[in-house]
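Novice: Residues 373 to 469 in our numbering are what the sequence shown lists, from first letter to last.
Have a look at this one before I ask anything.
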Amino acid sequence: PRGAGGWLTRYAEATGVNGIGVDQMTDIAAVKVPPGVALQGNLDPVLLLQGGDAMRNEARRLVEAMKDKPFIFNLGHGVMQPTPPEHVAELVAAIRG
């Protein structure tokens, strides 16, 4: 849930969910959830809008930080309307390595 941050562990335990979306305001690598709970997120959509090295570097950092955990790469929130499709293609290439 958006803005849940420090409450994610309790949320996962209380609800029994299999996955949690994490917004860009949370350090996803520091989130502790029960075994088997996947985390989804959390690239800042502003980075996708801007594109370039900052976006690629942060995407790679997220993938590396989450490599040993159940993880679904995604944005911390939706794609901003003026985001160039080319930036989405750049992002996909960056996370695929």
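Backbone N, C-alpha and C define an ideal beta-carbon position, used for all residues, glycine too.
What separation, rounded to the nearest whole angstrom, lies between the Cα atoms of F443 and Q453?
Specialist: 25 Å
Novice: Judging by CA-CA distance, which residue of E430, A401, D395 and M397 is the nearest neighbour of L441?
Specialist: According to the sequence provided, residue 441 is Lys. The question's Leu does not apply to it. Measuring from the Cα of K441, the nearest candidate turns out to be A401.
Novice: Which same chain residues end up closer than 7 Å to R432 when comparing Cβ atoms and leaving out the 5 residues on each side of it in sequence?
Specialist: A distance below 7 Å between beta-carbons, with the five flanking residues on each side excluded, links R432 to the following residues of its chain, in chain order: A466.
Novice: So, for V435: in the same chain, excluding its five sequence neighbours on each side, which residues have a beta-carbon less than 7 Å away from its beta-carbon?
Specialist: Within its own chain, the residues whose Cβ lies closer than 7 Å to the Cβ of V435, once the five positions on either side in sequence are excluded, are F445 and I467, listed in chain order.
Novice: From which residue to which residue does the beta strand (DSSP E) around Q412 run?
Specialist: Where Q412 is concerned, the enclosing beta strand (DSSP E) stretches over A410 to L415.
Novice: Based on DSSP bridge pairs, tell me the residues matched to L447.
Specialist: L415
Novice: Starting from I467, follow the alpha helix (DSSP H) in both directions and report where the run begins and ends.
Specialist: P457 to R468
Novice: Taking C-alpha atoms, which residue in W379, V409 and G408 lies nearest to T349?
Specialist: Absent from the structure is residue 349, since the part of the chain shown begins at 373 and ends at 469.
Novice: Once you ignore the five residues that flank E458 on each side, which residues in its own chain have a CB closer than 8 Å to its CB?
Specialist: G423
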